[in-house]
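Engineer:
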Amino acid sequence: MPQSAKGTEQELPKLQVASPGKRLFALIFDFIIALLISNTLEQIFREEHWDLVRREQTWIELLPFYAGLFGMLVLRDAVRGVSPGKLLLGLSARSRDAILTPLDTGRGLLRGVPFAVFPLEGMIMLWDLQRGSGLGQRLGDRWANTVVIENPQALRPMLRILLANTVLFGFFGAALLLQDFTLRKTAAYQTTAQHLHTHPDTEALLAHYPELNEPELSLDLRSASGLSEVRLRIGPPNEDSGHTATLKLQFLEGPTPRWEVVETRLEAIREED
688 MPQSAKGTEQ ELPKLQVASP GKRLFALIFD FIIALLISNT LEQIFREEHW
738 DLVRREQTWI ELLPFYAGLF GMLVLRDAVR GVSPGKLLLG LSARSRDAIL
788 TPLDTGRGLL RGVPFAVFPL EGMIMLWDLQ RGSGLGQRLG DRWANTVVIE
838 NPQALRPMLR ILLANTVLFG FFGAALLLQD FTLRKTAAYQ TTAQHLHTHP
888 DTEALLAHYP ELNEPELSLD LRSASGLSEV RLRIGPPNED SGHTATLKLQ
938 FLEGPTPRWE VVETRLEAIR EED
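Counting in the working numbering, the sequence shown runs without a single skipped number right up to 960 at its last residue.
#1: Would residue 878 pass as a contact of residue 946 if the rule is Cβ separation under 8 Å?
#2: Mapping the DSSP letters down to three states, classify residue 704 as helix, strand or coil.
#3: Using DSSP with H/G/I as helix, E/B as strand and the rest coil, what is residue 808?
#4: Within 10 angstroms of the Cβ of residue 925, are there 16 or more other Cβ atoms? Answer buried if so, exposed if not.
#5: Determine the DSSP secondary structure at residue 957, reduced to helix, strand or coil.
#6: So, at 6 Å on beta carbons, what are the nonlocal neighbours of residue 849 in its own chain, with the 5 sequence-adjacent residues on each side left out?
#7: Per DSSP, residue 938 is paired with what?
#8: Assuming residue 806 and residue 826 make a contact with CB atoms under 8 Å, what is their CB distance in whole Å?
#9: With a cut-off of 8 Å, do at least 3 Cβ pairs link the segment 775-783 to the segment 827-839?
#10: With 16 other CB atoms within 10 Å as the buried threshold, where does residue 887 fall?
#11: From 760, 952, 761, 709, pick the residue whose C-alpha is nearest to that of residue 882; which is it?
#12: Sorted by chain position, which residues of the same chain lie with C-beta nearer than 7 Å to residue 680's C-beta, five sequence neighbours on each side aside?
#13: What are the complete beta strand (DSSP E) segments, minimum 3 residues, inside the segment 884-928?
#14: Considering only residues of the same chain and omitting the five flanking positions on each side of residue 695, which have a CB-CB separation below 7 Å?
#15: Less than 8 Å between the C-beta atoms of residue 803 and residue 761, yes or no?
#16: Residue 769 by DSSP, collapsed to three states: which one?
#17: Looking at the unbroken beta strand (DSSP E) that takes in residue 778, where does it start and where does it end?
#18: Which residues share a DSSP beta bridge with residue 932?
#19: For residue 957, does the count of other Cβ atoms within 10 angstroms reach 16, so buried, or fall short, so exposed?
#20: Is residue 875 helix, strand or coil by DSSP?
#21: Cβ atoms of residue 795 and residue 764: under 8 Å apart, would you say?
#22: Helix, strand or coil: how does DSSP classify residue 833 here?
#23: Check each candidate in 705, 892, 859 and name the one with the smallest Cα separation from residue 683.
#24: May I ask you to report which of helix, strand or coil DSSP gives residue 841?
#25: Around the C-beta of residue 753, are 16 or more other C-beta atoms found within 10 angstroms, so that it is buried, or is it exposed?
#26: On a Cα-Cα basis, can you pick out the residue from 936, 922, 937 that is closest to residue 930?
#27: Verify whether the separation of the beta carbon atoms of residue 938 and residue 727 is less than 8 Å.
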């Protein structure tokens, strides 16, 4: 047996293999962080004509969210073998060939690929603990020749808890800021829809074509005096015909904040020859 391998076999018993319970809690925390990041990025980079009208999203529209989730599951152990969940629980993924040194980026990426593709492969860990090597290696660990241990250089428990709270409250604060804008945007669209269904110029059109197509919102939330604009099409769905409705709205502050329509303009769409 080579000297390095012999040294590894001697070092392994000195370190405690992570328990399945701790690894599960670390994984749950990683999933929460991945979902929060994916959802936050989706909110930030969502296009102007976001899903105001109820409809089923195509797989292409959902692709960025799931691609981001997949990428974060692959990358979670890329930095020294310590994902956010492992950092919180005081765990670390290490190479069996260099158990006392942090995991390199290549092995961290390699061990994340099988789990991102097929999450149930983590169940192999339980079998390996009972009847395999006893190290709790799942398929990704076998590919990268890694093992998850109690990190000997882990932060103190209070620092880990403080860090976790900081991360979660940071995302919570961002969600509140985004939610305020989302609620105002939804309210602007609802005010527009209610106004058009009662306006004399558009009531008859909406009786034939009740759906509001291709909504575009340009909202000015910086000052109460600023005017926002909502533009949409009334007519047959999936066709470039009908009428374009453009509305100017003003956001009124007060005990009951609300949007008020100050101008309505309706133009027929001319069909090109």
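C-beta atoms are modelled at their ideal positions from N, C-alpha and C, and glycine is treated no differently.
Since we're looking at a predicted model, the values are computed, not measured.
Structural biologist: According to the structure shown:
#1: Yes, Cβ-Cβ distance for residue 878 and residue 946 is below 8 Å.
#2: Correct three-state label for residue 704: strand.
#3: Here residue 808 sits in helix by DSSP.
#4: By the neighbour-count rule (16 or more Cβ atoms within 10 Å), residue 925 is not buried but exposed.
#5: Coil at residue 957, not helix or strand.
#6: Correct list: empty, nothing qualifies.
#7: In DSSP, residue 938 forms a bridge with 946.
#8: Not quite, the Cβ-Cβ distance comes to about 11 Å (not below 8 Å), so this is no contact.
#9: Yes: the two stretches touch, three or more of their Cβ pairs being nearer than 8 Å.
#10: Burial call: exposed.
#11: Measuring from the Cα of residue 882, the nearest candidate turns out to be 952.
#12: This structure does not reach residue 680, given that the chain is present from 688 up to 960, and the question cannot be answered.
#13: Segments of the beta strand (DSSP E) lying fully in the segment 884-928: 899-905, 914-921.
#14: Caution applies to residue 695, whose pLDDT of 45 falls short of 50 and renders its modelled position unreliable; the model cannot decide the point.
#15: Cβ distance < 8 Å, so residue 803 and residue 761 count as in contact.
#16: In the structure shown, the three-state DSSP call for residue 769 is coil.
#17: 778-782 is the span of the beta strand (DSSP E), which, as asked, contains residue 778.
#18: In DSSP, residue 932 forms a bridge with 919, 953.
#19: Residue 957 comes out exposed.
#20: Note: residue 875 maps to helix in three-state DSSP.
#21: The answer is yes: Cβ separation under 8 Å.
#22: In this structure, residue 833 counts as strand in the three-state DSSP scheme.
#23: Outside the shown range of the chain, which is 688 to 960, sits residue 683, and nothing can be said about it.
#24: Coil, per DSSP.
#25: Its Cβ having fewer than 16 others within 10 Å, residue 753 is exposed.
#26: The option with the nearest alpha carbon to residue 930 is 922.
#27: No, the pair does not count as a contact, with Cβ atoms beyond the cut-off.
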